[in-house]
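A.B. asks: What follows is a structure written as structure tokens; I'll ask about it next.
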Amino acid sequence: MTSRTVSLCDVRLLSRWGCAALLMVLSLVLTLGQAAPAAAADEPDLIFRRSTVFKWVSPNDKLATYGVDDPEVEGVACHFTVPEKGGFKGWLGLAEEVSDISLACRQIGPIRFKNKLGQGDDMFRQRRSLFFKKMQIVRGCDAKRNVLVYMVYSDRLIEGSPKNSTSSVPIMPWGAADATAVQKCGEFIQ
Numbered sequence: 171m172t173s174r175t176v177s178l179c180d181v182r183l184l185s186r187w188g189c190a191a192l193l194m195v196l197s198l199v200l201t202l203g204q205a206a207p208a209a210a211a212d213e214p215d216l217i218f219r220r221s222t223v224f225k226w227v228s229p230n231d232k233l234a235t236y237g238v239d240d241p242e243v244e245g246v247a248c249h250f251t252v253p254e255k256g257g258f259k260g261w262l263g264l265a266e267e268v269s270d271i272s273l274a275c276r277q278i279g280p281i282r283f284k285n286k287l288g289q290g291d292d293m294f295r296q297r298r299s300l301f302f303k304k305m306q307i308v309r310g311c312d313a314k315r316n317v318l319v320y321m322v323y324s325d326r327l328i329e330g331s332p333k334n335s336t337s338s339v340p341i342m343p344w345g346a347a348d349a350t351a352v353q354k355c356g357e358f359i360q
């Protein structure tokens, strides 16, 4: 039986290769992280973030507020606030985010429907974990009151979450020129 001794040179070589591999992986993660927002044109606009839980070495837990325009209804914008996990799992995009999401939608100009819509259609969808959870903002119409209703919730592959938030947007005239041209949401829902 022969025994092999490991010299300091072998340890340095192993360490050098391990360090090079780590730097290559970190470089790849940073490159993909910077390229992702440019490729996703439908991403919401980040308004601001606030730290909620301090972490010494890794990123903090945060609350982030985003804005998104309704792609099918001109003149409506929604803002939502979501918790974002910090730590190394959150930094790498592996953490499953919690389902606490708040929502506020408002008329920001004359409301014009671009197409016929389905009651409860998705207005916006975003992944909240690597594989299993997504957040959805859905849109509906209260035809009796001529009000657009938006609801945000998150769901998982197997089960949904009862946590949700609702916001409504009454369709009102926008300026003197729009007073007679107010559209009825009931006419655009299939």
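In this note's numbering, the protein residues as written are 171 to 360.
The beta-carbon is built from N, C-alpha and C at its ideal position, and this holds for glycine as well.
Assign I281 to buried or exposed, taking buried as 16 or more other Cβ atoms, counted over all protein chains shown, within 10 Å of its Cβ.
C.D. replies: buried
A.B. asks: Comparing C-alpha positions only, which one of S337, D270, W226 sits nearest to K304?
C.D. replies: D270
A.B. asks: Going along the chain, which residues of its own chain have a beta-carbon closer than 8 Å to the beta-carbon of D215, five neighbours each way excluded?
C.D. replies: These residues qualify, in order along the chain: Y236, G237, V238.
A.B. asks: Just checking: is the beta-carbon of F294 within a distance shorter than 7 Å of some beta-carbon in chain D?
C.D. replies: Within the model displayed, chain D is absent; a lone protein chain is all it includes.
A.B. asks: Please list, in chain order, all residues of the same chain as I359 whose beta carbon is under 6 Å from its beta carbon, the five residues on each side excluded.
C.D. replies: L287, Q289, C311
A.B. asks: Going by DSSP, what residues sit across from R309 in a beta bridge?
C.D. replies: D291, Y320
A.B. asks: With A247 and C275 assumed to form a contact (beta carbons below 8 Å), what rounded beta-carbon distance in angstroms separates them?
C.D. replies: 7 Å
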